[in-house]
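**Q** Going down the list, the sequences are from chains A and B.
Heads up, the first sequence is in this note's numbering, so the first residue is 371 and it goes up one at a time.
Heads up, the second sequence is in this note's numbering, so the first residue is 371 and it goes up one at a time.
Structure provided below as structure tokens; questions to follow.
2 protein chains.
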Amino acid sequence: MPRDGTHTRNRILDSALLLALEKGLAAASLDQVIEGAEITKGAFFYHFKSKDELALALVRHVAELDRQNHAKIVQRVEELSRDPLQQVLLACSLTADLVAPSEPNPGCLFASYCYQGDLWSEAARKICESNFHEQAAWIEGKLKQAAKLAGRKGKSALAVSPAQLAMMFHSVFEGAFVLARTYNDASLFRKQVLAYRDMLEAVFKP
Amino acid sequence: MPRDGTHTRNRILDSALLLALEKGLAAASLDQVIEGAEITKGAFFYHFKSKDELALALVRHVAELDRQNHAKIVQRVEELSRDPLQQVLLACSLTADLVAPSEPNPGCLFASYCYQGDLWSEAARKICESNFHEQAAWIEGKLKQAAKLAGRKGKSALAVSPAQLAMMFHSVFEGAFVLARTYNDASLFRKQVLAYRDMLEAVFKP
DNA sequence: TAATCTATACCGACTAGTTGGTACAGTATG
DNA sequence: CATACTGTACCAACTAGTCGGTATAGATTA
Numbered sequence: 371m372p373r374d375g376t377h378t379r380n381r382i383l384d385s386a387l388l389l390a391l392e393k394g395l396a397a398a399s400l401d402q403v404i405e406g407a408e409i410t411k412g413a414f415f416y417h418f419k420s421k422d423e424l425a426l427a428l429v430r431h432v433a434e435l436d437r438q439n440h441a442k443i444v445q446r447v448e449e450l451s452r453d454p455l456q457q458v459l460l461a462c463s464l465t466a467d468l469v470a471p472s473e474p475n476p477g478c479l480f481a482s483y484c485y486q487g488d489l490w491s492e493a494a495r496k497i498c499e500s501n502f503h504e505q506a507a508w509i510e511g512k513l514k515q516a517a518k519l520a521g522r523k524g525k526s527a528l529a530v531s532p533a534q535l536a537m538m539f540h541s542v543f544e545g546a547f548v549l550a551r552t553y554n555d556a557s558l559f560r561k562q563v564l565a566y567r568d569m570l571e572a573v574f575k576p
Numbered sequence: 371m372p373r374d375g376t377h378t379r380n381r382i383l384d385s386a387l388l389l390a391l392e393k394g395l396a397a398a399s400l401d402q403v404i405e406g407a408e409i410t411k412g413a414f415f416y417h418f419k420s421k422d423e424l425a426l427a428l429v430r431h432v433a434e435l436d437r438q439n440h441a442k443i444v445q446r447v448e449e450l451s452r453d454p455l456q457q458v459l460l461a462c463s464l465t466a467d468l469v470a471p472s473e474p475n476p477g478c479l480f481a482s483y484c485y486q487g488d489l490w491s492e493a494a495r496k497i498c499e500s501n502f503h504e505q506a507a508w509i510e511g512k513l514k515q516a517a518k519l520a521g522r523k524g525k526s527a528l529a530v531s532p533a534q535l536a537m538m539f540h541s542v543f544e545g546a547f548v549l550a551r552t553y554n555d556a557s558l559f560r561k562q563v564l565a566y567r568d569m570l571e572a573v574f575k576p
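This is the structure:
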């Protein structure tokens with residue numbers, strides 16, 4: 371099938387993502403990316419004109435997958451419940467299941483990039499920020515609705531603002547990966563995301 | 371002052387730390403470390419026999435600073451309050467002040483290492499794990515005391531276990547750095563750590 | 001329908017520069 | 001005289017990136 375290059379392109383992206391999560395894309399040489407994709411140097415430079423371009427294409431690729439995943443979770447959660455707080459709690463549970471405990475290098479490409487100055491271009495940063503913001507805005511909106519509902523039932527102000535709670539989702543999400551790697555225990559990711567969910571519930575429930 | 375080599379050694383460590391937080395130590399060349407330390411190649415290899423050895427010495431160095439800092443916070447906090455929950459909350463506040471909002475590259479060396487496979491040796495991992503564990507164990511102990519105290523006053527079980535709450539400190543701590551870098555806003559670190567504190571309080575208070 | 005042309009997809013040898021690391025002769029200090 | 005360097009020259013291995021060439025599929029032409 372010499373006509374369709376998307377197959378090769380995707381192989382390159384897959385290989386690069388694997389290496390990026392294992393050792394960081396900056397530390398991975400093009401030769402390693404090429405070897406992983408089982409192609410040749412010529413093929414690589416046919417699809418990407420530089421390593422920087424690959425790096426940017428990779429964040430774009432991952433950001434798109436992340437966006438789709440979030441959309442799927444939102445859709446699923448809207449089907450499962452009408453209560454905004456329950457929707458957020460369910461979304462946390464679904465996110466916790468995202469990472470299989472057997473995964474060898476659980477991690478987030480965004481975090482990997484942001485600790486590697488060379489790849490952390492303004493363009494890459496904006497892509498990550500945009501993804502974070504979109505998801506945080508969804509959570510924040512739901513939590514504001516939940517706060518309003520709780521208010522009608524005669525509740526006092528929240529201990530933490532919906533905006534900070536929403537952002538904390540990503541703090542815990544990203545931090546949980548660091549924890550999992552540091553303690554060498556992939557199951558910690560799941561546990562921490564679920565702990566965040568329980569904490570969220572506690573802030574609203576009482 | 372040719373008798374004391376610790377000065378030069380510290381200059382190398384400082385230069386390496388700066389570069390590690392800016393672009394990752396793997397991406398930083400020895401020539402850059404040497405230039406930053408304002409020494410020569412000869413001097414570098416007099417003190418460290420390889421880049422790997424520098425990397426390990428650097429985690430050790432940072433881990434020691436971190437340990438000292440934690441000890442200082444614990445001491446300060448024990449002076450300020452006798453209540454275990456208040457002690458933890460105060461410790462969070464002091465930690466939030468750790469990072470100046472003007473800092474150019476706020477971040478954690480441990481997180482930087484753990485996303486750069488080459489540096490993430492088992493030795494380095496254990497050093498990070500040990501630091502994390504020591505601090506989490508302190509928080510967990512305090513929270514268990516706090517839970518017991520609250521129990522005497524007729525409280526029900528906690529929404530989240532002290533162990534998970536204690537680990538979440540590092541999740542939020544590490545995640546907050548990623549957030550600060552992604553949103554390009556160093557003040558987010560402080561806000562997230564304080565939000566964690568408020569959430570902790572909410573879990574215990576009601 | 002065979003010959004020619006064109007674009008896409010890919011190969012792999014090659015190069016110029018950088019990397020971590022070595023070697024070693026010299027110097028200043030306590 | 002040992003310690004703590006400076007300075008420079010050097011090396012093999014690796015790096016990103018280049019370049020001329022090839023194979024194939026499909027459209028155009030004779």
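Glycine residues also receive a C-beta, built at the ideal position from the N, C-alpha and C atoms.
It should be emphasised that the depicted structure is a prediction, and the values quoted were computed from it without experimental measurement.
To which residues of the same chain is A/L459 closer than 8 Å at the C-beta, ignoring the five residues directly before and after it?
**A** R567, L570 and E571
**Q** Is DSSP giving B/A408 helix, strand or coil here?
**A** In the sequence under discussion, the amino acid at residue 408 of chain B is Glu, which differs from the Ala named in the question. Coil at B/E408, not helix or strand.
**Q** Give me the residue from B/C462, B/A407, B/P476 and B/Q456 with the minimum Cα distance to B/L383.
**A** B/A407
**Q** Going by other Cβ atoms of all chains shown within 10 Å of its Cβ, with 16 needed for buried, is A/S482 buried or exposed?
**A** buried
**Q** Given B/L549, which residues of its chain have a CB within under 7 Å of its CB, disregarding the five upstream and five downstream residues?
**A** L558 and Q562
**Q** Who are the near neighbours of B/K496 in its chain, counting only those whose CB is closer than 7 Å to its CB and skipping five residues on each side?
**A** none
**Q** Quick check on the burial criterion: 16 or more other C-beta atoms within 10 angstroms. Buried or exposed for A/T465?
**A** buried
**Q** Between the beta-carbon of A/V444 and the beta-carbon of A/R560, is there less than 9 Å?
**A** no
**Q** Check each residue of the stretch 450–478 of chain B: if its Cβ is closer than 7 Å to any Cβ of chain A, include it; give the result in chain order.
**A** G477
**Q** Put B/N501 into one of helix, strand or coil per three-state DSSP.
**A** Under the three-state reduction of DSSP output, B/N501 falls in the helix class.
**Q** For A/K442, which of A/Y553, A/A427 and A/Q505 has the nearest alpha-carbon?
**A** A/Q505
**Q** Taking 9 Å as the CB-CB limit, is B/Q562 close to chain A?
**A** yes
**Q** Please confirm whether A/D488 has its beta-carbon closer than 9 Å to some beta-carbon of chain B.
**A** Taking 9 Å as the CB threshold, A/D488 lines the interface with chain B.
**Q** Looking at chain A, is there any beta carbon in it that lies within less than 9 Å of the beta carbon of B/G545?
**A** yes
**Q** What residues of chain B sit near A/D568, judged by a beta carbon separation below 7 Å?
**A** The answer, in chain order, is A529 and V530.
**Q** When you compare only the Cα positions, how much space is there between A/G545 and B/H540?
**A** Cα to Cα, A/G545 sits roughly 7 Å from B/H540.
**Q** Pop quiz: B/A386 and B/V403 are said to be a contact at Cβ under 8 Å. What is the actual Cβ separation, rounded to whole angstroms?
**A** 5 Å
**Q** So the candidates are B/C484, B/G394, B/D488 and B/F414; which of them puts its Cα closest to the Cα of B/D401?
**A** B/F414
**Q** What residues in its chain sit with their C-beta under 6 Å from that of B/A461, if we drop five residues either side in the sequence?
**A** Excluding residues within five positions, the ones whose Cβ falls inside 6 Å are I443 and V447.
**Q** Determine the closest residue to A/A520 out of A/F418, A/D422, A/D453 and A/K411, with distance taken between C-alpha atoms.
**A** A/D453
**Q** Check whether chain A comes within 9 Å of B/S385, counting only Cβ atoms and requiring the distance to be less than that.
**A** no
**Q** Assign B/A390 to one of three DSSP states: helix, strand, or coil.
**A** helix
**Q** By how many angstroms is the C-alpha of A/H417 removed from the C-alpha of A/A493?
**A** 20 Å
**Q** Going along chain A, which residues have a C-beta under 8 Å from B/L571?
**A** Just to set this straight, residue 571 of chain B is Glu in the shown sequence, not Leu. Neighbours of B/E571 on chain A, chain order: A529.
**Q** Scan the stretch 429–472 of chain A and note each continuous alpha helix (DSSP H) run of 4 residues or more that stays entirely inside, going in chain order.
**A** 454–466
**Q** Does any C-beta atom of chain A lie closer than 9 Å to the C-beta of B/V432?
**A** no
**Q** Mapping DSSP to helix, strand and coil, what is B/K561?
**A** helix
**Q** Any idea if A/Q486 is buried or exposed, counting beta-carbon neighbours within 10 angstroms, 16 or more meaning buried?
**A** buried
**Q** In the DSSP assignment, find the alpha helix (DSSP H) that holds A/L549 and state where it starts and stops.
**A** P532 to T552
**Q** For a quick check, are the C-beta atoms of A/L435 and A/A516 less than 9 Å apart?
**A** With contacts defined as CB atoms closer than 9 Å, A/L435 and A/A516 fail to qualify as a contacting pair.
**Q** In this structure, does DSSP put A/Y485 in helix, strand or coil?
**A** coil
**Q** Check whether chain B comes within 9 Å of A/V444, counting only Cβ atoms and requiring the distance to be less than that.
**A** It does not; no Cβ of chain B falls within 9 Å.
**Q** Apply the 10 Å Cβ neighbour rule to B/L450 and answer buried if 16 or more other Cβ atoms are within range, or exposed otherwise.
**A** exposed
**Q** Might you give, ordered along the chain, the residues of its own chain that have their beta carbon closer than 7 Å to the beta carbon of A/A536, omitting 5 neighbours on each side?
**A** Once the five neighbours on either side are set aside, the close Cβ partners of A/A536 are A506, I509, E510 and L513.
**Q** Whose Cβ in chain A lies nearer than 8 Å to the Cβ of B/F502?
**A** L549, T552 and Y553
**Q** Any C-beta of chain B sitting closer than 9 Å to the C-beta of A/G394?
**A** yes
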